[in-house]
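So the structure is just underneath, and the comments pick up after that.
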Amino acid sequence: MENKVLSMHRNLILLASLLAVAGCTSCMRVPEKDKFCQSKFVATFTIWGSGQNATDMFYTAVPQEVFKTNGLIHPGSLSLVFTASRSEWMGINWLKHGKTYLLNGGYSGGLFINWCDAISLEEWDNVPDDVKTALREKSYAPCPGQ
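With mature numbering (1 follows the signal peptide of the UniProt record, and there is no 0) applied, the sequence shown covers -27 to -1, 1 to 119.
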């Protein structure tokens, strides 16, 4: 009887782990305007470097073209942008040094990004023209409640 209980507990733990991972690695389709409105900052950033701690990685990056700031970023000033170190935790861990990306995200003691909330995961040069135009012409604003 004890072995059956242990086996059942092990199976439940395995199932819970699989569901947790599945929940973190799939994102609902959200329109770009909603992602813009839910973000605390939106800008193009040129990546200068990266580092890592036990759970997160960070990029040293310089904002270029700022579309939404909330006072968090300033064009030309060095910023630290954090993300989970693993892609299965929605981390954006593939940005290349010297490349420019459209980054958007939240703030909780620092700037943070994840791939479920990203307006685009492409280099800025490859972001669709309709998204670039909407950002530059401020078509995503005003946001509800702002």
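All C-beta atoms in this analysis are idealised placements derived from N, C-alpha and C, irrespective of residue type, glycine included.
Helix, strand or coil at residue i [DSSP, three-state]
| i | result |
| --- | --- |
| Lys8 | helix |
| Asn99 | helix |
Element boundaries [beta strand (DSSP E), containing residue i]
| i | result |
| --- | --- |
| Leu94 | No beta strand (DSSP E) contains Leu94, which DSSP labels as neither H nor E. |
| Gly78 | Thr73 to Tyr80 |
Inter-residue CB distance, residue i and residue j (contact presumed, cutoff 8 angstroms)
| i | j | result |
| --- | --- | --- |
| residue 121 | Thr17 | There is simply no residue 121 to check, as the chain begins at -27 and stops at 119 in what is shown. |
| Val100 | Leu76 | With 8 angstroms as the limit, Val100 and Leu76 do not qualify as a contact, their Cβ atoms being about 11 angstroms apart. |
| Leu45 | Lys13 | 6 angstroms |
| Gln37 | Thr19 | 6 angstroms |
| Phe40 | Val3 | Rounded, the Cβ-Cβ distance is 17 angstroms, inconsistent with contact. |
| Cys116 | Cys10 | 4 angstroms |
| Lys8 | Asp90 | 6 angstroms |
List, from N- to C-terminal side, the beta strand (DSSP E) runs of 3 residues or more that fit wholly inside the segment 12 to 68. As far as the segment 12 to 68 is concerned, its whole beta strand (DSSP E) runs of at least 3 residues are 14 to 25, 29 to 41 and 52 to 57.
Below 8 angstroms, how does it come out for the segment 91 to 102 and the segment 28 to 36: are there three or more Cβ pairs, yes or no? Contact fails: fewer than three Cβ-Cβ distances are below 8 angstroms.
Using 8 angstroms as the Cβ pair cut-off and three pairs as the minimum, do the segment 69 to 82 and the segment 13 to 31 touch? In short, these stretches touch, since the Cβ pair count reaches three.
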